[in-house]
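Each remark here refers to the structure printed beneath this line.
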Amino acid sequence: MVRNCYNRCMTVSIVIPNYNGKALLVKNLPKVLAVAPQTEIIIVDDSSTDGSVEFLKKNFPKIKLIEKVQNHGFATSVNLGVRAAKGDIVFLLNSDAVPEKGFLTPILENFKHNEQLFAIGCLDKSIEGERIIERGRGIGRFERGFLAHGRGEINQSNTLWASGGSSAFRKHIWEQLGGMDEVFDPFYWEDIDLSYRALKSGFEVVFESKNVVTHSHEEGSIAKSFSSTQIKIISYRNQILFVWKNITDRNYYLNHFMWLPYHLLRSLFTGEGVFVRGLLEALRKLPKIMEARRKAQKLFTRTDAQVLSVFSK
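Spelled out as structure tokens, the structure:
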């Protein structure tokens, strides 16, 4: 585990969730080890069936490997990894991404100078075919009853969320917030939820363009394991759960329920009905999400308007 005593002896751990990503581990794990020598690396395997575990045990016996017996999803895997991490700072990294050399220096510098800083998002140098697209900063606004999120210009430091696939988090604040909410499993919205709760609780989330991660997009485990319809249903379900859990400004909350009939009718008229099915799935999780809402509100010190106003300018 890397220790930098110039930066108050902060330590860093890297957590990589994996599900049937053996080919990506073969390709990228040696590169990660090369740019982060002597750093604690934890791989959480989400019950893979492609030989990932056997490959890691044979070729990287010194890496800490957490084997899950049952497949749950991203948030559960990440939470296990963070709990096992010894570092003060935990860097979450997807198996299809590789940080560039020296990426830890600006991370530690940022955390050193700001004790309220919870998370740092990286510049994602995304390789998509012959194109290289730079992204990583998140923005959003409340629109038609939901949080509409997107990618912002990378020449600013404020961000609405830090991606769960290439960002650094201060562990003790992570624990204070309760980590990622596993109600969002198997995927989507868990990192936006965590960052949004941090912002409403008075902590800071920033984007740092000096932290560069190269992201080679290939067909991931989600597309291989779920149909496009299933992915849409889960995405809508979690978008709804996010609002029910986190939105507390009365006008936003009322706006959400005013727009629900529109979204329901639109979904039915298009013939897909995926929003309807997403809503039904969300209703099944209502008791859990209301309990999570109650706990989250105990930490909130900012309104939704205060958080989102920064991104509407």
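If you're matching positions, the sequence shown starts at 1489 in our numbering and goes up one per residue.
The C-beta atom is built at its ideal place from N, Cα and C for all residues, glycine as well.
Touching by the beta-carbon criterion (3+ pairs, under 8 Å), the region 1503-1511 and the region 1560-1568: yes
Please list, in chain order, all residues of the same chain as residue 1803 whose beta carbon is under 7 Å from its beta carbon, the five residues on each side excluded. What the structure shows of the chain is the stretch from 1489 to 1801, and residue 1803 is not part of that stretch, so it cannot be assessed.
Proximity winner among 1607, 1772 and 1764, relative to residue 1754 (alpha-carbon distances): 1764
Strand pairing of residue 1505, partner residues [DSSP]: 1532
Taking the DSSP output, what are the residues bridged to residue 1610? 1696
Roughly how far, in whole angstroms, is the beta-carbon of residue 1726 from the beta-carbon of residue 1653, given that I think they are within contact range, below 8 Å? Not a contact, Cβ separation roughly 16 Å.
Whole angstroms are fine: how far does the CA of residue 1791 sit from the CA of residue 1689? 9 Å
Over what stretch of residues does the alpha helix (DSSP H) that includes residue 1570 continue unbroken? 1562-1572
4-residue-minimum alpha helix (DSSP H) runs that sit fully inside the region 1746-1795, ordered along the chain: 1762-1772 and 1774-1785
Extent of the continuous beta strand (DSSP E) run through residue 1618: Counting along the chain, residue 1618 falls outside any beta strand (DSSP E), and DSSP gives it neither H nor E.
Selection from 1736, 1673 and 1748 that minimises the alpha carbon distance to residue 1793: 1736
List, from N- to C-terminal side, the beta strand (DSSP E) runs of 3 residues or more that fit wholly inside the region 1575-1610. 1577-1581 and 1585-1587
Give the range of the beta strand (DSSP E) segment to which residue 1670 is assigned. Where residue 1670 is concerned, there is no enclosing beta strand (DSSP E), given that its DSSP letter is neither H nor E.
Rounded C-alpha distance that separates residue 1642 from residue 1712: 31 Å
For the candidate residues 1687, 1615, 1715 and 1676, whose alpha-carbon lies nearest to that of residue 1795? 1687
Is there contact between the region 1626-1644 and the region 1588-1598, where contact requires at least three CB pairs shorter than 8 Å? no
In the structure shown, what three-state DSSP assignment does residue 1556 receive? coil
What do you get for residue 1610, buried or exposed, if any count of 16 or more other CB atoms within 10 angstroms of its CB means buried? buried
Contact check, residue 1742 vs residue 1770, beta carbons under 7 Å: no
From residue 1537 to residue 1738, what distance separates their C-alpha atoms? 47 Å
Please determine, among 1625, 1732 and 1606, the residue with the shortest C-alpha to C-alpha distance to residue 1612. 1625
What does the alpha-carbon distance come out to for the pair residue 1588 and residue 1696? 13 Å
Using the Cβ count rule (16 or more neighbours within 10 Å means buried), how would you classify residue 1756? exposed
Cα separation between residue 1703 and residue 1789? 35 Å
Since residue 1576 contacts residue 1659 with CB under 8 Å, what's their CB separation in whole angstroms? 6 Å
Whole-angstrom distance between residue 1523 and residue 1746, CA atom to CA atom: 50 Å
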